[in-house]
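>
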Amino acid sequence: MGQPFDPELVTAAREGDQRALNRVLSDLERIFRAFFLKRLGGRDEVEDLVQNSLMRVNSGIADLQDPARLKAFAMKAAFFELQDLYRGRYRAKETLFDPLLLLDASDDPAAGDRIDVERALTHLSDHARRIIELREYGYRYEEIAQRLDTTEAAVKMQVKRAFEKLRDVLAVLLALFLFGSSGSGSCYLIDGGCG
Amino acid sequence: MLFGEFGPEERDALRRRLAEDADFRASFLRWHQLLRHVGQSIEDDLPDERLLVLEAFRRTDPSEFLLSEDATRLNGAEDVLDSALAAHPGLGDVVRHLQEDANAFDEVWNSELEAPSVRPSRRPTRVQDRASRSPGRRGIGRWVWRASAAAAVVTFALVVTFLMQRTSDLESVTTGPDQTREIQLADGSQVRLLPNSTLEYHAEAGAGGTDRFVRLQGDGYFDVAPDRSGFTIELPTAVVVVLGTSFGVQASDEEARVYLTTGRLSVASHAARSTPVVLRPGQMTAVGRDSLPETPVETDMSRALSWTGLLIFRDTPVRAVAEVLAESFGVDITVDPRLRDETLTATFNRTDGLSTVLEAVAAALDASVIMQNDTHHLVPR
Numbered sequence: 000m001g002q003p004f005d006p007e008l009v010t011a012a013r014e015g016d017q018r019a020l021n022r023v024l025s026d027l028e029r030i031f032r033a034f035f036l037k038r039l040g041g042r043d044e045v046e047d048l049v050q051n052s053l054m055r056v057n058s059g060i061a062d063l064q065d066p067a068r069l070k071a072f073a074m075k076a077a078f079f080e081l082q083d084l085y086r087g088r089y090r091a092k093e094t095l096f097d098p099l100l101l102l103d104a105s106d107d108p109a110a111g112d113r114i115d116v117e118r119a120l121t122h123l124s125d126h127a128r129r130i131i132e133l134r135e136y137g138y139r140y141e142e143i144a145q146r147l148d149t150t151e152a153a154v155k156m157q158v159k160r161a162f163e164k165l166r167d168v169l170a171v172l173l174a175l176f177l178f179g180s181s182g183s184g185s186c187y188l189i190d191g192g193c194g
Numbered sequence: 000m001l002f003g004e005f006g007p008e009e010r011d012a013l014r015r016r017l018a019e020d021a022d023f024r025a026s027f028l029r030w031h032q033l034l035r036h037v038g039q040s041i042e043d044d045l046p047d048e049r050l051l052v053l054e055a056f057r058r059t060d061p062s063e064f065l066l067s068e069d070a071t072r073l074n075g076a077e078d079v080l081d082s083a084l085a086a087h088p089g090l091g092d093v094v095r096h097l098q099e100d101a102n103a104f105d106e107v108w109n110s111e112l113e114a115p116s117v118r119p120s121r122r123p124t125r126v127q128d129r130a131s132r133s134p135g136r137r138g139i140g141r142w143v144w145r146a147s148a149a150a151a152v153v154t155f156a157l158v159v160t161f162l163m164q165r166t167s168d169l170e171s172v173t174t175g176p177d178q179t180r181e182i183q184l185a186d187g188s189q190v191r192l193l194p195n196s197t198l199e200y201h202a203e204a205g206a207g208g209t210d211r212f213v214r215l216q217g218d219g220y221f222d223v224a225p226d227r228s229g230f231t232i233e234l235p236t237a238v239v240v241v242l243g244t245s246f247g248v249q250a251s252d253e254e255a256r257v258y259l260t261t262g263r264l265s266v267a268s269h270a271a272r273s274t275p276v277v278l279r280p281g282q283m284t285a286v287g288r289d290s291l292p293e294t295p296v297e298t299d300m301s302r303a304l305s306w307t308g309l310l311i312f313r314d315t316p317v318r319a320v321a322e323v324l325a326e327s328f329g330v331d332i333t334v335d336p337r338l339r340d341e342t343l344t345a346t347f348n349r350t351d352g353l354s355t356v357l358e359a360v361a362a363a364l365d366a367s368v369i370m371q372n373d374t375h376h377l378v379p380r
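Chains G and X, in that order, are what the protein sequence lines are. All residue numbers for the first sequence refer to numbering that gives the first Met the number 0, where the first residue is 0 and numbers rise by one. All residue numbers for the second sequence refer to numbering that gives the first Met the number 0, where the first residue is 0 and numbers rise by one.
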């Protein structure tokens, strides 16, 4: 059998040779682990990411068109798994505790509160909006701080100030809407369309 | 409430406040629905989020990282992607970070292929376990143990055995009564060796896939670089195994005290290596000669690690930070009420001086330091 990632080895793995496949996956395993440890540190998530990435490679290697492009193929597997990790963190169906579940039907905005959310968001600084978007995308505040080259405390401070600003803005917009003087030809119900 | 990090106590507090405060309830509703709107609009504007990964590959090195079929996919979605990036500045940050990840993957790939591991596998791999938990995914015939307490014990025992065979050829550093030394190991880990202490280590530990092992007599503060291999510290009465973490150790012939700041580690006595305790950040344990480690207890690291000469804060309320700084430097510091409950995570060297430390704290809080009547006042800008 050839050197790791030799195109002949990858071709054999792609065609179902179990020994070749095990050899490829064994070497990919240490690369995946080293990469995820480098980017995430010693977190519990690393092992799951390694295994899921190997699963992707295993299930998709038959579709690899060019055996010489294993690196790009493996890299895509690892990055898609990492993306799933981030995106799955705060999605409602993934969280064990959804704060909105603490509210009851009388809090449903469809009952009367129509607020122009997009208009409210324009009151945020570009920096604050980036932080909120990164958080909703799935990054933790410490990760956001690293990406923006600042501290976690400074990031949370921005979130707090955004909340304080939007709390006042949303209250004003709500008042304008209730008194029929929003001046806007469109509105966005938070959880539905405009009637 | 704002940061979405709810422990059991926070949930109970939140329920009570929602029930008692109508204004808070209204603000809470609008805030979280606004966040949902932001998340939903990102999904609506970019249904195929994989495009961000492919775009990062294209921007970094398309010939190396982008498969031809993915380049075609990306070209076909160019308008959608451009619109989404224009509408959501945060997505631009995501792509830039993915580009950094791509370079990191490239480095790891080249490094691993140049220096393949020569150590026997310490853990059999069981991918079929993952397959059985994930319907629709077929196993691949190898076995992988997921990280677990049992696996940690096995790994620990193997590491202990390995180190017993490999304690020759160590370099040694000893500090005098008034001496503190900073030592950087080959893998990037750093050790702050306190006075009257000795550290023994392999000069090439961590390089070329070699295990990382040190021996400590005395007091030291460790900042261990994350790596695929464990980092082992042999003490007179205990053995510590870590993986990417920072912690302090006070070790004598009779007792070892271990204080964990970040990451995770396990501590076992020489007398009972198969029964370690696992520390979480903010906990400490003590191990006496011929004794089992004590049950880990929560400890104020800001004060517990003052002997290191470092000022260590981890999610510490600013009012507590001010108290520690005031005690350390013998000055008066006040904190504006608007800042008192903010939290700070940072590590300072006491020799940096009060002025430097306070400036850094103020910068993190977007605040200013005002000197008045021999008192330092921390106020928002």
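We put the beta carbon where it would ideally sit given N, CA and C, even for glycine.
Count the other CB atoms within 10 Å of the CB of Gln64(G); is the residue buried (16 or more) or exposed (fewer)?
Start at 1 with the first residue of the first sequence, and residue 64(G) comes out as number 65. Exposed.
> Check each residue of the stretch 72-98 of chain X: if its Cβ is closer than 9 angstroms to any Cβ of chain G, include it; give the result in chain order.
His87, Pro88, Gly89, Leu90, Gly91, Asp92, Val93, Arg95, His96, Leu97
> Mind checking which residues open and close the beta strand (DSSP E) that includes Ile60(G)?
The residue given as residue 60(G) occupies position 61 in the first sequence. Segment: none, Ile60(G) is in no beta strand (DSSP E) and carries neither H nor E.
> Quick one: is Gln183(X) buried, meaning 16 or more other Cβ sit within 10 Å of its Cβ, or exposed?
Residue numbering aside, residue 183(X) sits at position 184 when the second sequence is read from its first letter. Exposed is the call here.
> Can you check which of these residues, Ser52(G), His122(G), Asp125(G), is closest to Leu27(G) by C-alpha distance?
Taking the first sequence and counting its residues from 1, the one referred to as residue 27(G) is at position 28. Selected option, being the one with the closest Cα: Ser52(G).
> Using the three-state DSSP reduction, which class does Asp365(X) fall into: helix, strand or coil?
By one-based count along the second sequence, residue 365(X) stands at place 366. Asp365(X): coil per DSSP, three-state reduction.
> Quickly, what does DSSP pair Gly219(X) with across the bridge? List them, please.
For the purposes of this step, residue 219(X) is identified with residue 220 of the second sequence, where counting begins at 1. Its beta-bridge partners are Leu192(X), Val248(X).
> Which two residues bound the contiguous beta strand (DSSP E) that contains Leu259(X)?
Indexing the second sequence from 1 puts residue 259(X) at position 260. Taken as a continuous stretch (DSSP letters only), the beta strand (DSSP E) holding Leu259(X) covers 254-261.
> Identify the continuous alpha helix (DSSP H) that holds Tyr85(G) and give its terminal residues.
Sequence index remark: in the first sequence, residue 85(G) carries index 86 (1-based). Segment 69-88, the alpha helix (DSSP H) holding Tyr85(G).
> Below 8 angstroms on the Cβ atoms is my guess for His87(X) versus Glu132(G); work out the distance and round it to an integer in Å.
Residue 87(X) sits at position 88 when you count from the first residue of the second sequence. Residue 132(G) sits at position 133 when you count from the first residue of the first sequence. Under the criterion of beta carbons closer than 8 angstroms, His87(X) and Glu132(G) qualify as touching, at roughly 5 angstroms.
> Identify every residue that forms a DSSP beta bridge with Ala345(X).
Counted from its first residue, the second sequence places residue 345(X) at position 346. Phe312(X), per the DSSP bridge assignment.
> With distances taken from CA atoms, which of Ser171(X), Asp105(X), Thr284(X), Glu233(X) is nearest Leu69(G)?
To locate residue 69(G), count along the first sequence from 1; it is residue 70. When each option's Cα is compared against that of Leu69(G), the closest is Asp105(X).
> Check whether the Cβ atoms of Asp218(X) and Leu193(X) sit closer than 7 angstroms, and answer yes or no.
Within the second sequence, residue 218(X) is the residue found at index 219, counting from 1. Within the second sequence, residue 193(X) is the residue found at index 194, counting from 1. Contact: yes.
> Met283(X) bridges to which residues according to DSSP?
In the second sequence, the residue the question calls residue 283(X) occupies position 284. In DSSP, Met283(X) forms a bridge with Tyr258(X), Val296(X).
> Just to confirm, is the Cβ distance from Ile232(X) to Val223(X) under 7 angstroms?
Locating residue 232(X) in the second sequence gives position 233, where the first residue counts as 1. Locating residue 223(X) in the second sequence gives position 224, where the first residue counts as 1. No, the Cβ-Cβ distance between Ile232(X) and Val223(X) is not below 7 angstroms.
> Judging by CA-CA distance, which residue of Glu7(G), Leu36(G), Val23(G) is the nearest neighbour of Met54(G)?
Residue 54(G) sits at position 55 when you count from the first residue of the first sequence. Selected option, being the one with the closest Cα: Val23(G).
> I believe Leu324(X) touches Ala366(X) by the beta-carbon criterion, under 8 angstroms. Please report the beta-carbon distance rounded to the nearest angstrom.
Stepping through the second sequence from its first residue, residue 324(X) is reached at position 325. Stepping through the second sequence from its first residue, residue 366(X) is reached at position 367. Not quite, the Cβ-Cβ distance comes to about 14 angstroms (not below 8 angstroms), so this is no contact.
> Assuming contact is defined by CB atoms lying nearer than 7 angstroms, are Tyr220(X) and Thr307(X) in contact in what I supplied?
Looking up residue 220(X) in the second sequence gives position 221. Looking up residue 307(X) in the second sequence gives position 308. In contact: Tyr220(X) and Thr307(X) (Cβ atoms closer than 7 angstroms).
> Return the Cβ separation of Leu259(X) and Thr274(X) in integer angstroms, given the expectation that the two are a contact with Cβ distance under 8 angstroms.
On the second sequence, position 260 is the one that residue 259(X) refers to. On the second sequence, position 275 is the one that residue 274(X) refers to. Actually they are not in contact, since the Cβ atoms of Leu259(X) and Thr274(X) sit about 18 angstroms apart, beyond 8 angstroms.
> Return yes when the Cβ of Leu13(X) is within less than 7 angstroms of the Cβ of Asp24(X), no when it is not.
The count along the second sequence starts at 1 and reaches residue 24(X) at position 25. The count along the second sequence starts at 1 and reaches residue 13(X) at position 14. The sequence given here has Arg at residue 24(X), not Asp. Not in contact: Arg24(X) and Leu13(X) (Cβ atoms no closer than 7 angstroms).
> Measuring straight from C-alpha to C-alpha, what distance separates Arg134(G) and Trp108(X)?
Here the question's residue 134(G) lines up with position 135 in the first sequence. Here the question's residue 108(X) lines up with position 109 in the second sequence. Arg134(G) and Trp108(X): Cα-Cα distance of roughly 30 angstroms.
> With distances taken between CB atoms, is the gap from Arg318(X) to Val334(X) smaller than 7 angstroms?
Mapped onto the second sequence, residue 318(X) falls at position 319. Mapped onto the second sequence, residue 334(X) falls at position 335. Yes, Cβ-Cβ distance for Arg318(X) and Val334(X) is below 7 angstroms.
> Give me the Cα-Cα distance between Asp340(X) and Met300(X), rounded to the nearest whole angstrom.
As a position in the second sequence, residue 340(X) is number 341, starting the count at 1. As a position in the second sequence, residue 300(X) is number 301, starting the count at 1. Straight-line Cα distance between these residues: approximately 18 angstroms.
> Tell me the DSSP secondary structure of Phe212(X) in three-state form.
For this step, residue 212(X) is matched to residue 213 along the second sequence. For Phe212(X), the secondary structure class from DSSP, reduced to helix, strand or coil, is strand.
> Closest by CA to Glu142(G), which one among Ala11(G), Phe4(G), Asp62(G), Leu39(G)?
Along the first sequence, read from residue 1 onward, the residue named residue 142(G) stands at position 143. Nearest of Ala11(G), Phe4(G), Asp62(G), Leu39(G) to Glu142(G), Cα basis: Leu39(G).
> Are the beta-carbon atoms belonging to Ala303(X) and Glu254(X) less than 7 angstroms from one another?
Indexing the second sequence from 1 puts residue 303(X) at position 304. Indexing the second sequence from 1 puts residue 254(X) at position 255. In terms of Cβ geometry, Ala303(X) and Glu254(X) do not form a close pair [threshold 7 angstroms].
> Arg139(G) to Leu33(X), Cα distance in whole Å?
The residue given as residue 139(G) occupies position 140 in the first sequence. The residue given as residue 33(X) occupies position 34 in the second sequence. Their backbone Cα atoms lie some 18 angstroms apart in a straight line.
> So if I threshold CB-CB distances at 7 angstroms, which residues from the stretch 148-172 of chain G count as touching chain X?
Thr150, Glu151, Ala152, Ala153, Lys155, Met156, Val158, Lys159, Phe162, Leu165, Arg166, Leu169
> Between which two residues does the alpha helix (DSSP H) containing Pro46(X) stretch?
Along the second sequence, one-based indexing puts residue 46(X) at 47. It is not in any alpha helix (DSSP H) - Pro46(X) carries neither H nor E in the DSSP assignment.
> Just to confirm the assignment: which complete alpha helix (DSSP H) runs, minimum length 4, are found wholly within the stretch 115-158 of chain G?
116-120, 125-136, 140-146
> Assuming Phe64(X) is part of the alpha helix (DSSP H), what are its boundary residues?
Taking the second sequence and counting its residues from 1, one reaches residue 64(X) at position 65. Phe64(X) -> alpha helix (DSSP H) spans 61-64.
> Beta-carbon of Asp365(X) versus every beta-carbon of chain G: anything under 7 angstroms?
Translated into the one-based positions of the second sequence, residue 365(X) becomes position 366. Judged by the 7 angstroms Cβ criterion, Asp365(X) is in contact with chain G.
> For the beta strand (DSSP E) that His375(X) lies in, which residues bound it at each end?
In the second sequence, counting from the first residue as 1, residue 375(X) sits at position 376. His375(X) -> beta strand (DSSP E) spans 374-379.
> Whose C-beta lies closer than 8 angstroms to the C-beta of Phe4(G) among residues of the same chain, with five residues either side of it excluded?
In the first sequence, the residue the question calls residue 4(G) occupies position 5. Once the five neighbours on either side are set aside, the close Cβ partners of Phe4(G) are Val23, Asp26, Leu69, Lys70.
> Skipping 5 residues on each side, what residues in its chain have a beta carbon closer than 8 angstroms to that of Glu170(X)?
Residue mapping note: residue 170(X) aligns to position 171 of the second sequence, counting from 1. Hits under 8 angstroms: Glu199, Tyr200, His201, Ala202.
> Excluding the 5 residues flanking Ala345(X) on each side, which residues of the same chain have their C-beta closer than 6 angstroms to its C-beta?
Residue numbering aside, residue 345(X) sits at position 346 when the second sequence is read from its first letter. Answer for Ala345(X): Phe312, listed in chain order.
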